[in-house]
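Novice: Per this note's numbering, the very first residue in the sequence shown carries number 5; after that it's consecutive.
Quick reminder that beta carbons are idealized off the backbone N, C-alpha and C, glycines included.
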Amino acid sequence: WRDSIPPEKRLAVIRAEIKGLDRLERFVDRLLFKVADTRTLMEKLGARFVSTTVDRINRGIEPPNAPLTREWKQGKNTTLRDNSHLINSITYKAGKELVIWGSGCPYAHVHQFGYTIKPNKRKKLAIPAGYHTRKLMREYGETPEKCIEGLKKAGWKIWFRDKSIMGVPPRKRKKAEPVVLFIRKKKVEIPARPFLRFEEPEKRAFEEVFKKWLSQ
5 WRDSIPPEKR LAVIRAEIKG LDRLERFVDR LLFKVADTRT LMEKLGARFV
55 STTVDRINRG IEPPNAPLTR EWKQGKNTTL RDNSHLINSI TYKAGKELVI
105 WGSGCPYAHV HQFGYTIKPN KRKKLAIPAG YHTRKLMREY GETPEKCIEG
155 LKKAGWKIWF RDKSIMGVPP RKRKKAEPVV LFIRKKKVEI PARPFLRFEE
205 PEKRAFEEVF KKWLSQ
């Protein structure tokens, strides 16, 4: 019968049979259910982002420590790792549609963005001259002022120079030698070491967590 129809009036008929629509419908239903509340996803992402940030700090962030800072750390060149307050403060807060991670450490912004420290009341800053001064500060006072006050009460002789604060411990069996306790500077430049980022580790973490969450 088709041969009796002129070619210009013939119709092309395509028959398409789609299978598996029930599986697609179930997938869409599951996806809509998940999208209705993504808090679980945000929780998992927050935990992973904290992990990538901690790992970044442990690996070290440029630029390297200044020579005086390395002296404080007895030659160690690890950045952002002094007393572990910063790295232990990394945390996150997850909501239904977002996740925020960061640090509540008071000086976190100083390391993230960089900062110039200048004296408020005195003419110059007093910077610990080395590891030995840091030990004295832990014993006699947590700030240069408190440490110096504590050392004086313990019998130390303290005097100021233009670029340093010197000290002599109480005499024992032999004459004590003077030591440099603090370096005096008009300002200190702390370079930016951005530890909070969204880079390749965070992108991989997002992809892995999202795929796993979607498949469950």
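Rounded to whole angstroms, what is the Cα-Cα separation between Asn69 and Leu218?
Specialist: Here the question's residue 69 lines up with position 65 in the sequence shown. Here the question's residue 218 lines up with position 214 in the sequence shown. Approximately 43 Å, taken between the alpha carbons.
Novice: Tell me the residue span of the alpha helix (DSSP H) that contains Thr42.
Specialist: In the sequence shown, the residue the question calls residue 42 occupies position 38. Neither: Thr42 is in no alpha helix (DSSP H) and is coded neither H nor E.
Novice: List the residues that DSSP assigns as beta-bridge partners of Thr95.
Specialist: Here the question's residue 95 lines up with position 91 in the sequence shown. In the DSSP output, where bridge partners are listed per residue, Thr95 has Gly106.
Novice: Below 8 Å, can you find three or more Cβ-Cβ pairs linking the region 56-71 to the region 204-214?
Specialist: With a cut-off of 8 Å, the region 204-214 and the region 56-71 count as touching, because enough Cβ pairs lie within range.
Novice: Determine the burial state of Thr120: buried for a count of at least 16 other Cβ atoms within 10 Å of its Cβ, exposed for fewer.
Specialist: As a working note, residue 120 is residue 116 in the sequence shown. Result: exposed.
Novice: Where Thr44 and Phe53 are concerned, what is the direct C-alpha to C-alpha distance, given to the nearest angstrom?
Specialist: Counted from its first residue, the sequence shown places residue 44 at position 40. Counted from its first residue, the sequence shown places residue 53 at position 49. Whole-angstrom Cα-Cα distance: 14 Å.
Novice: Taking its Cβ as the centre, do 16 or more other Cβ atoms sit within 10 Å of Ser93, making it buried, or is it exposed?
Specialist: Position 89 of the sequence shown, counted from the first residue, corresponds to residue 93. By the neighbour-count rule (16 or more Cβ atoms within 10 Å), Ser93 is not buried but exposed.
Novice: Within a Cβ cutoff of 7 Å, which residues of the same chain sit near Gly64, ignoring the five residues on either side of it in sequence?
Specialist: As a first step, residue 64 must be located in the sequence shown, where it is residue number 60. Excluding positions up to five away in sequence, the list reads Thr82, Thr83.
Novice: Counting pairs of Cβ atoms below 8 Å between the region 126-143 and the region 183-196, do you hit three or more?
Specialist: Segments in contact, yes.
Novice: For Phe202, which of Lys216, Gly106, Ile152 has the nearest alpha-carbon?
Specialist: Residue mapping note: residue 202 aligns to position 198 of the sequence shown, counting from 1. Minimum Cα distance to Phe202 is reached at Gly106.
Novice: Taking only the alpha-carbon atoms, compute the straight-line gap between Leu72 and Arg85 and give it to the nearest angstrom.
Specialist: Within the sequence shown, residue 72 is the residue found at index 68, counting from 1. Within the sequence shown, residue 85 is the residue found at index 81, counting from 1. C-alpha separation (whole angstroms): 15 Å.
Novice: Give the range of the beta strand (DSSP E) segment to which Leu129 is assigned.
Specialist: Reading the sequence shown from its first residue, position 125 is the one you call residue 129. Taken as a continuous stretch (DSSP letters only), the beta strand (DSSP E) holding Leu129 covers 129-132.
Novice: Cα separation between Val184 and Phe164?
Specialist: Position 180 of the sequence shown, counted from the first residue, corresponds to residue 184. Position 160 of the sequence shown, counted from the first residue, corresponds to residue 164. Rounded to whole angstroms, Val184 to Phe164 spans 10 Å at the Cα level.
Novice: In the DSSP assignment, find the alpha helix (DSSP H) that holds Leu218 and state where it starts and stops.
Specialist: Taking the sequence shown and counting its residues from 1, the one referred to as residue 218 is at position 214. Element bounds for Leu218: 204-219.
Novice: For Gly118 versus Pro195, is the C-beta distance shorter than 9 Å?
Specialist: Mapped onto the sequence shown, residue 118 falls at position 114. Mapped onto the sequence shown, residue 195 falls at position 191. Yes, they are a contact pair.
Novice: Taking only the alpha-carbon atoms, compute the straight-line gap between Leu25 and Lys100 and give it to the nearest angstrom.
Specialist: As a working mapping, residue 25 is identified with position 21 in the sequence shown. As a working mapping, residue 100 is identified with position 96 in the sequence shown. In this prediction, Leu25 has a pLDDT of 46, which is less than 50 and means its spatial position is unreliable; what the coordinates show is noted afterwards. Rounded to the nearest angstrom, the two C-alpha atoms are 30 Å apart.
Novice: Mind reading off the beta-carbon distance from Ile61 to Ile104? Whole number of angstroms is fine, and I expect it under 8 Å.
Specialist: For the purposes of this step, residue 61 is taken as the residue at position 57 of the sequence shown. For the purposes of this step, residue 104 is taken as the residue at position 100 of the sequence shown. Contact flag wrong, Cβ pair sits at about 18 Å.
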